[in-house]
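Engineer: Questions regarding the structure given below will be posed in turn.
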Amino acid sequence: MISVKLNELLSSDSTVEDLVGIMKEVLGFINEPGKEVKGDPFSSSKKHYVYGIKGLAKLLGASSSTAQRIKSSGVLDAAISQNGKIIVIDADLALDLLRISNKNWGRKYFK
Numbered sequence: 036m037i038s039v040k041l042n043e044l045l046s047s048d049s050t051v052e053d054l055v056g057i058m059k060e061v062l063g064f065i066n067e068p069g070k071e072v073k074g075d076p077f078s079s080s081k082k083h084y085v086y087g088i089k090g091l092a093k094l095l096g097a098s099s100s101t102a103q104r105i106k107s108s109g110v111l112d113a114a115i116s117q118n119g120k121i122i123v124i125d126a127d128l129a130l131d132l133l134r135i136s137n138k139n140w141g142r143k144y145f146k
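As numbered in this note's numbering, residues 36 to 146 make up the sequence shown, in order.
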C-alpha cells in the first residue's frame, strides 16, 4: 500500500503537501485520512530550563554564592551547558542529580 502511494506520487505531478501527507500517514501521525493524531513526537519537549547562576539559585532556593559553589563542585555537570558567559541548566535533571548526590554525601560519622 505504501509503495503504491509512493509510485503514484513519483509518477504524477505532485506537490510538497502530497508528500507531507503520505509521510505523516506512513510515520503514524494520521490514523484515518484527514485526521491527525494529537501526540506529535516531533513537537517541542516539555523540558524546563533555567538560565545563569541567579536562575539556579532561585531553583534551589539558595543564595547565588551557594549556587555558584554547587555548580563549581561538578555535581551538576551533566545538567549544565555553558558557552562563554551563558549558562543553561536543565532544571529537572539538575534536581535529580542533586537528589542522587545528596544520598551519597549524607553523614559521615555514625555512632
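Just so you know, even glycine gets a beta-carbon here, dropped at the ideal spot from N, CA and C.
Source: prediction; values computed, not measured.
Under the rule that 16 or more other beta-carbon atoms within 10 Å means buried, what is S78, buried or exposed?
Structural biologist: Residue placement at S78 is poorly supported in this model, since its pLDDT is 49, which falls under 50; the coordinates still yield a value, given next. It counts as exposed.
Engineer: Taking the alpha carbon of Y84 as the reference point, which residue from R134, G109, L128 has its own alpha carbon closest?
Structural biologist: Taking only the C-alpha atoms, the option nearest Y84 is L128.
Engineer: Who does S116 pair with in a DSSP beta bridge?
Structural biologist: Answer is V123.
Engineer: Helix, strand or coil for V85? Go by DSSP, reduced to three states.
Structural biologist: Strand, per DSSP.
Engineer: Suppose you measure from the CA of A97 to the CA of N118; what does that come to, to the nearest Å?
Structural biologist: When rounded, the distance between both Cα atoms is 24 Å.
Engineer: So, helix, strand or coil for D48, using DSSP?
Structural biologist: Looking at D48 - three-state DSSP - the assignment turns out to be coil, as it is neither helix nor strand.
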